[in-house]
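K.L.:
If you count by UniProt numbering, then the sequence shown holds residues 1 to 698, one letter each, in order.
Quick reminder that beta carbons are idealized off the backbone N, C-alpha and C, glycines included.
Keep in mind the model is a prediction, meaning the values are calculated, not measured.
The following block contains the structure, expressed as structure tokens.
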Amino acid sequence: MKKQWSISHSHNYTKLKHSMIKIAIVSFLAIGIATSFSFLLPSSPPKSYYHSLYISNSISDNASISHDLYMLTRRPHVAGTEANAQAAAYVLSTLLSYNIDSHIVSYDVSLTYPISRSLILTQPEPASEQLPITFDLRQEIYDGDPYADVAHEVLPTFHAYAKSGTVRGAVVYANYGRVEDYKTLKEMGVNVTGTIVLARYGKIYRGDIVNNAFEAGAIGAIVYTDRKDYGGGGGGEGWFPQAKWMPPSGVQVGSVYDGAGDPSTPGWPSIEGCERLSDDEVEKQGNVPLIPSLPVSAADGETIMRSVGGQVANEDWQGSKDSPTYRLGPGPGILNLTYTGKKAIETIQNVIAIIEGVEEPDRFVILGNHRDAWTFGAVDPNSGTAALLEIGSTEWVEDNRELLASRAVAYLNVDCAVTGAGFHASATPQLDKLLVKTTQQVGDPDNSSQTIYESWVAPDNSPTIERLGGGGSDYAAFVQHIGIASADVSFGKGYPVYHSMYDDFVWMEKFGDPMFQRHIAVASVWGLTALQLADEEFLPFDYLSYAYELQKNAKDLEDEISDKGIRLAPLFESIKRLRDAATKINQERKAIEENRVWAWKFKKDQVKVREINDRLMMAERAFTDAEGLSGRSWYKHLIYAPSKHDDYGSSYFPGIDDAFEEARSLSTPESWRSVQHQAWRVSRAVRHVSQVLAGELT
Numbered sequence: 001m002k003k004q005w006s007i008s009h010s011h012n013y014t015k016l017k018h019s020m021i022k023i024a025i026v027s028f029l030a031i032g033i034a035t036s037f038s039f040l041l042p043s044s045p046p047k048s049y050y051h052s053l054y055i056s057n058s059i060s061d062n063a064s065i066s067h068d069l070y071m072l073t074r075r076p077h078v079a080g081t082e083a084n085a086q087a088a089a090y091v092l093s094t095l096l097s098y099n100i101d102s103h104i105v106s107y108d109v110s111l112t113y114p115i116s117r118s119l120i121l122t123q124p125e126p127a128s129e130q131l132p133i134t135f136d137l138r139q140e141i142y143d144g145d146p147y148a149d150v151a152h153e154v155l156p157t158f159h160a161y162a163k164s165g166t167v168r169g170a171v172v173y174a175n176y177g178r179v180e181d182y183k184t185l186k187e188m189g190v191n192v193t194g195t196i197v198l199a200r201y202g203k204i205y206r207g208d209i210v211n212n213a214f215e216a217g218a219i220g221a222i223v224y225t226d227r228k229d230y231g232g233g234g235g236g237e238g239w240f241p242q243a244k245w246m247p248p249s250g251v252q253v254g255s256v257y258d259g260a261g262d263p264s265t266p267g268w269p270s271i272e273g274c275e276r277l278s279d280d281e282v283e284k285q286g287n288v289p290l291i292p293s294l295p296v297s298a299a300d301g302e303t304i305m306r307s308v309g310g311q312v313a314n315e316d317w318q319g320s321k322d323s324p325t326y327r328l329g330p331g332p333g334i335l336n337l338t339y340t341g342k343k344a345i346e347t348i349q350n351v352i353a354i355i356e357g358v359e360e361p362d363r364f365v366i367l368g369n370h371r372d373a374w375t376f377g378a379v380d381p382n383s384g385t386a387a388l389l390e391i392g393s394t395e396w397v398e399d400n401r402e403l404l405a406s407r408a409v410a411y412l413n414v415d416c417a418v419t420g421a422g423f424h425a426s427a428t429p430q431l432d433k434l435l436v437k438t439t440q441q442v443g444d445p446d447n448s449s450q451t452i453y454e455s456w457v458a459p460d461n462s463p464t465i466e467r468l469g470g471g472g473s474d475y476a477a478f479v480q481h482i483g484i485a486s487a488d489v490s491f492g493k494g495y496p497v498y499h500s501m502y503d504d505f506v507w508m509e510k511f512g513d514p515m516f517q518r519h520i521a522v523a524s525v526w527g528l529t530a531l532q533l534a535d536e537e538f539l540p541f542d543y544l545s546y547a548y549e550l551q552k553n554a555k556d557l558e559d560e561i562s563d564k565g566i567r568l569a570p571l572f573e574s575i576k577r578l579r580d581a582a583t584k585i586n587q588e589r590k591a592i593e594e595n596r597v598w599a600w601k602f603k604k605d606q607v608k609v610r611e612i613n614d615r616l617m618m619a620e621r622a623f624t625d626a627e628g629l630s631g632r633s634w635y636k637h638l639i640y641a642p643s644k645h646d647d648y649g650s651s652y653f654p655g656i657d658d659a660f661e662e663a664r665s666l667s668t669p670e671s672w673r674s675v676q677h678q679a680w681r682v683s684r685a686v687r688h689v690s691q692v693l694a695g696e697l698t
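Structure follows, in structure tokens:
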């Protein structure tokens with residue numbers, strides 16, 4: 001199926017001469033990916049030549065990738081700033097130098113920036129003096145630090161979209177700020193109402209940490225980077241720049257907005273002069289925090305912790321071995337928290353590059369990531385070459401919704417391309433076999449004697465492919481809003497200097513990927529997957545993998561709610577229909593491939609091939625529902641969406657999960673009927689998918 005590529009550099013779109021389908025590169029794309037496409041002229045070698053470049057890791061060299069990363073991370077480049085516009089210009093000029101048709105699409109979005117912050121701890125008697133809490137200003141500047149001259153450009157530590165205000169209250173320690181942590185506090189008799197919560201990063205999205213604190217009755221939230229999770233656990237290795245760990249003064253910043261895209265334009269693009277919600281209307285949407293919050297360092301978190309008395313926290317709530325004893329409170333330490341933020345409509349840039357296909361240029365294979373960073377962004381996002389808060393990709397998807405819904409074959413995402421060793425992949429299930437195939441063809445950057453696939457499966461003899469239910473990346477708009485088959489690949493998983501000013505080129509060069517071979521490997525898997533999607537006559541989708549995944553998930557759900565009177569028989573019946581339809585379409589493809597003898601028959605088959613590919617492409621759309629999830633209507637996908645209480649968390653059957661959590665809390669007949677209704681919704685969606693695959697009217 002020769003299609004068109006879209007390459008999106010926080011914002012890109014692309015075209016491929018010898019490929020069948022159009023390829024779009026949206027910067028929101030790694031520069032290395034685009035390199036080989038510059039030679040795709042009518043007199044170029046056959047497609048197999050370009051495939052071989054990816055298989056041999058010859059698409060680029062580590063020096064050019066290193067140079068691109070250095071250029072993109074020389075200065076902090078937060079969304080809406082001149083530095084980020086310069087990064088977009090660099091991406092554009094690089095793509096144009098490859099002779100790729102490229103342009104910039106801009107959106108005017110609502111962003112927030114810090115004006116002033118204050119956090120003062122009042123110690124209990126006899127140490128009654130006020131202790132101001134420090135804020136990270138790259139205190140760990142060292143000899144030869146290449147960022148010493150530009151560190152002052154980093155914004156003061158803050159939470160984007162945090163509520164402005166002043167609050168004063170006793171401190172309560174809430175572990176990772178999860179719903180279950182507040183249940184534990186309640187069971188231990190700790191009253192959170194009217195307090196300021198101290199919670200640590202590490203398990204859930206920071207916006208949900210703040211929202212969970214509000215729902216528990218807190219009036220403010222402080223979130224810190226515990227040394228146990230980010231500082232090496234007090235193991236004596238030291239910290240950056242001597243080791244990979246976050247310095248004690250390091251602060252993780254980021255957004256606490258719990259929605260997708262621009263908060264003032266929910267569901268439509270933020271183009272110039274567009275309709276916008278007022279600040280009050282945005283707040284009523286329920287996706288921005290209703291209490292002030294601030295991020296602080298491990299050092300400041302421990303200072304606050306020493307002021308907390310009360311019961312000793314459970315063992316799994318404690319810090320590293322040399323941390324103070326963690327207690328629950330409330331108090332006697334008192335925090336005075338003041339935060340003032342500024343809201344502004346600022347311009348962000350999406351770089352779009354197009355490589356035109358030959359046979360079906362109306363179809364898109366899209367590669368993308370985001371480009372803006374909270375600070376220097378060497379890992380997140382510029383190791384994938386990356387706009388802040390996935391706003392850019394969301395606005396672009398909303399702006400092109402109907403075209404993407406009718407023509408997009410797949411979206412391939414890379415955000416944090418490299419954080420260390422070890423290959424990781426997430427995907428919608430019909431892409432599982434394709435990812436296996438491509439990783440079997442690309443060498444492991446850390447072991448030249450084996451492929452990426454061989455190292456990937458080594459731990460348990462089977463590749464672990466996660467799903468795309470989390471909301472923390474650019475794929476969210478493609479999968480969860482429109483229903484486009486998608487994948488995300490990376491090397492390494494998590495890194496201690498995440499969203500801090502130590503996420504810079506030096507950290508990457510010393511700890512993430514010293515030889516930049518992992519970057520090349522990611523680009524090889526990324527590009528080879530895109531080429532196979534663009535060049536295969538039949539889309540390499542296998543919905544049997546989807547049916548098996550849904551069967552497993554439904555069985556797990558049944559085990560959890562079987563004693564609640566919820567009937568899942570219709571869901572299992574729909575999954576059986578999907579399995580049958582997936583088997584049938586696979587057989588149709590095989591029959592066409594095996595029965596070709598005459599040229600006239602090949603020409604006749606082209607219409608049938610197009611029709612089969614239509615069914616394969618559109619089947620994922622049928623998992624979406626126009627009404628969306630209850631209370632979260634932007635999320636349309638009924639199989640994969642973020643957990644209601646953790647935007648990073650991936651929840652299967654999210655509508656059922658939301659209703660089940662509410663029913664367990666309320667335990668009313670009506671709440672349990674809601675669970676059953678959500679199960680019916682999913683069963684209908686799965687049935688619709690099987691109908692699309694079958695390609696027949698009822």
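Rounded to the nearest angstrom, what separates Ser455 and Thr439 at their Cα positions?
P.N.:
Distance between the alpha carbons of Ser455 and Thr439: 10 Å.
K.L.:
Please classify Lys564 as buried or exposed, where buried requires at least 16 other C-beta atoms within 10 Å of its C-beta.
P.N.:
That one is exposed.
K.L.:
Val109 and Ser278: beta carbons closer than 7 Å?
P.N.:
No, the Cβ-Cβ distance between Val109 and Ser278 is not below 7 Å.
K.L.:
Nearest to Leu538 by alpha carbon, out of Ser674, Leu434, Ala353 and Gln691?
P.N.:
What sits at residue 538 in the sequence shown is Phe, not Leu. The shortest C-alpha separation from Phe538 is found at Leu434.
K.L.:
So, using beta-carbon positions, are Val682 and Ala659 closer together than 7 Å?
P.N.:
It is not a contact, given that the beta carbons lie outside the stated cut-off.
K.L.:
Excluding the 5 residues preceding and the 5 following Val365 in the sequence, name in chain order all residues of the same chain whose CB lies nearer than 6 Å to its CB.
P.N.:
Excluding positions up to five away in sequence, the list reads Lys3, Trp5, Ile21, Ile23, Val409, Ala410, Ala530, Leu533 and Ala534.
K.L.:
Strictly under 7 Å for the Cβ-Cβ distance: is Leu533 near chain B by that measure?
P.N.:
Reference to chain B is not applicable here, since this structure consists of a single protein chain.
K.L.:
Rounding to the nearest angstrom, what Cα-Cα distance links Gly165 and Gln318 in this structure?
P.N.:
One C-alpha to the other measures close to 30 Å.
K.L.:
Apart from the five residues just before and just after Ala685, which ones in its own chain have a Cβ nearer than 7 Å to its Cβ?
P.N.:
Answer for Ala685: Ala622, Phe623, Asp625 and Leu638, listed in chain order.
K.L.:
Are the beta-carbon atoms belonging to Leu337 and Gly220 less than 7 Å from one another?
P.N.:
Their beta carbons are under 7 Å apart, which means Leu337 touches Gly220 by this criterion.
K.L.:
Suppose the cutoff is 7 Å on Cβ atoms and the five residues either side in sequence are ignored; what does the same chain contact list for Glu398 look like?
P.N.:
Answer for Glu398: Gly261, Gly267, Trp268 and Pro269, listed in chain order.
K.L.:
Going straight from the alpha carbon of Asn212 to that of Ile291, what length do you get?
P.N.:
Roughly 11 Å separates the two Cα atoms.
K.L.:
What's the gap between the Cα of Ser462 and the Cα of Asp432?
P.N.:
Looking at the two C-alpha atoms, the distance is approximately 12 Å.
K.L.:
Roughly how many angstroms lie between the CA atoms of Asn191 and Ile204, to the nearest whole one?
P.N.:
Answer to the nearest angstrom: the Cα atoms are 22 Å apart.
K.L.:
Can you check which of these residues, Asp614, Ser630 and Ser486, is closest to Arg363 by C-alpha distance?
P.N.:
The residue with the shortest Cα to Cα distance from Arg363 is Asp614.
K.L.:
Could you tell me which of Ala554, Asp580 and Asp559 sits nearest to Leu571, measuring between CA atoms?
P.N.:
Checked all of Ala554, Asp580 and Asp559; the closest Cα to Leu571 is Ala554.
K.L.:
When the distance is taken between beta carbons, is Val288 closer than 7 Å to Tyr161?
P.N.:
Their beta carbons are under 7 Å apart, which means Tyr161 touches Val288 by this criterion.
K.L.:
Would DSSP call Ile204 helix, strand or coil?
P.N.:
Coil.
K.L.:
For Gly341, which beta-bridge partners are listed by DSSP?
P.N.:
Pro114, per the DSSP bridge assignment.
K.L.:
Threshold first: 3 residues or longer. Then list the beta strand (DSSP E) segments lying entirely within the stretch 289 to 337, N to C.
P.N.:
Runs found: 293 to 296.
K.L.:
On the criterion of 16 or more Cβ atoms from any shown chain inside 10 Å, does Met515 qualify as buried, or is it exposed?
P.N.:
Exposed.
K.L.:
When you compare only the Cα positions, how much space is there between His159 and Arg117?
P.N.:
Cα to Cα, the separation comes out at about 11 Å.
K.L.:
What residues are listed by DSSP as bridge partners for Val489?
P.N.:
Answer is Ala425, bridged to Val489.
K.L.:
Suppose the cutoff is 7 Å on Cβ atoms and the five residues either side in sequence are ignored; what does the same chain contact list for Ala85 look like?
P.N.:
Counting only Cβ-Cβ distances below 7 Å, and skipping sequence neighbours, we find Gln349.
K.L.:
What ranges does the alpha helix (DSSP H) occupy inside the stretch 438 to 489, keeping only unbroken runs of at least 4 residues that lie completely in it?
P.N.:
Listed in chain order, they are 452 to 457.
K.L.:
Thinking just about the alpha-carbon of each residue, which of Pro669, Leu412, Asp181 and His519 is nearest to the one in Gly420?
P.N.:
The candidate whose alpha carbon is nearest that of Gly420 is His519.
K.L.:
Of the residues Pro295, Ala298 and Thr265, which one's Cα is nearest the Cα of Val282?
P.N.:
Answer by Cα proximity: Thr265.
K.L.:
Once DSSP output is grouped into helix, strand and coil, what is the label at Ala34?
P.N.:
Note that Ala34 has pLDDT 29, beneath the 50 cutoff, so the model's placement of it is unreliable and the number below is only indicative. Helix.
K.L.:
Can you tell me the Cβ-Cβ gap for Asn413 and Ser473, rounded? I've got them flagged as a contact below 8 Å.
P.N.:
With a Cβ gap of about 6 Å, Asn413 and Ser473 count as contacting.
K.L.:
If you measure between the beta carbons of Gly471 and Asp657, is that distance less than 7 Å?
P.N.:
No. Outside cutoff.
K.L.:
Expressed to the nearest angstrom, what Euclidean distance is found between the alpha-carbon atoms of Ser66 and Tyr326?
P.N.:
Cα-Cα distance, rounded: 43 Å.
K.L.:
Quick check: the Cα distance between Thr35 and Lys584, rounded to an integer number of angstroms?
P.N.:
Residue confidence is low: Thr35 scores 28 on pLDDT, short of 50, so the model does not pin down where it sits. Its coordinate-derived value is still stated next. Cα to Cα, the separation comes out at about 39 Å.
K.L.:
Could you tell me whether the Cβ atoms of Gly492 and Val607 are closer together than 7 Å?
P.N.:
No, the Cβ-Cβ distance between Gly492 and Val607 is not below 7 Å.
K.L.:
Below 7 Å CB to CB, which residues in the same chain sit around Leu96 once its five sequence neighbours on both sides are set aside?
P.N.:
Contacts found: Ser102.
K.L.:
Where Lys343 and His370 are concerned, what is the direct C-alpha to C-alpha distance, given to the nearest angstrom?
P.N.:
Looking at the two C-alpha atoms, the distance is approximately 22 Å.
K.L.:
With a 10 Å radius around its C-beta and 16 neighbouring C-beta atoms as the bar for buried, classify Pro669 as buried or exposed.
P.N.:
Exposed.
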